[in-house]
Amino acid sequence: MKGTKEQESIKLIDRIAQDTYVYLGVDRNNTRAHYTVKVRAAIAVASLKYFTFLQVAKALSRDRGTIYHYTNEHDANMKYWEGYKKAYITAKGYALDIAGTKQGEKYLKDLTQQIKDLEEAKALIEMELAV
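The numbers in the sequence shown follow this note's numbering, run straight up by one, and end at 124.
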């Protein structure tokens, strides 16, 4: 079960990355080319709102230390690294659209189950009080 959830998360991050690269017109590769690194860092930070460091690292073929580095440099990158802000805003939008919707669906499903459980408990208590 855990492996399936992990794989699903990695696929969602991969979609976020792919959509971001396509929108920005950047080739997706594992090089250390300046703009590629910039976009990859933006995708990583944007994805962390919905996923773990390990999931993001696996999806982007990086180690967790690199992902931590991206987060530590995020504020400075937003101010000083030309093009990073655009890449981050783009990735953040895709992350919200792709992962945010998925989390909202899960939250709604969990909430619906809680309501059902509470309604059943209420019915039992009402039956006990009626006796």
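Virtual Cβ for every residue (Gly too), placed ideally from N, Cα, C.
All of these numbers come straight from a predicted model, not from anything done at the bench.
In whole angstroms, what separates the C-alpha of residue i from that of residue j?
| i | j | result |
| --- | --- | --- |
| D7 | V124 | 57 Å |
| M120 | I108 | 18 Å |
| A201 | I82 | Residue 201 lies beyond the range of the chain shown here (-6 to 124); nothing can be said about it. |
| K42 | Y87 | 12 Å |
| A84 | A50 | 16 Å |
| Y73 | K31 | 12 Å |
| E(-1) | D90 | 19 Å |
| K4 | A26 | 24 Å |
The ligand NAP and residue i: does the residue's C-beta get closer than 7 Å to at least one heavy atom of that ligand?
| i | result |
| --- | --- |
| E(-1) | Ligands in the displayed structure: none, and consequently the ligand NAP is not present. |
Put residue i into one of helix, strand or coil per three-state DSSP.
| i | result |
| --- | --- |
| E98 | helix |
| N23 | coil |
| L53 | coil |
| K72 | helix |
| T83 | helix |
| Y129 | What the structure shows of the chain is the stretch from -6 to 124, and residue 129 is not part of that stretch, so it cannot be assessed. |
| F46 | helix |
| G5 | For the record, residue 5 in the displayed sequence is Leu; it is not Gly. Three-state result, L5: helix. |
| V124 | coil |
| L104 | helix |
| L41 | coil |
Thinking C-alpha only, which one of the options is nearest residue i?
| i | options | result |
| --- | --- | --- |
| K92 | L122, F44, G58 | Residue identity check: residue 92 is Ala in the sequence provided, not Lys. Nearest C-alpha to A92: F44. |
| I9 | K79, S40, L101 | S40 |
| I60 | D68, R33, A116 | R33 |
Among residues of its own chain, excluding the 5 on either side of residue i, which ones have a beta-carbon nearer than 6 Å to its beta-carbon?
| i | result |
| --- | --- |
| E1 | none |
| L104 | none |
Tell me which same chain residues have a C-beta within less than 7 Å of the C-beta of residue i, skipping the five on either side of it?
| i | result |
| --- | --- |
| L122 | none |
| L117 | none |
| N70 | A34, Y77 |
| D56 | A50 |
Please report the Cβ distance between residue i and residue j, rounded to the nearest whole angstrom; I am assuming they are in contact, meaning their Cβ atoms lie under 8 Å.
| i | j | result |
| --- | --- | --- |
| Y16 | V38 | Contact doesn't hold; Cβ gap of about 17 Å is too wide. |
| Y28 | G76 | 7 Å |
| S54 | N22 | Between N22 and S54 the Cβ distance is about 10 Å, and since that is not below 8 Å, they are no contact. |
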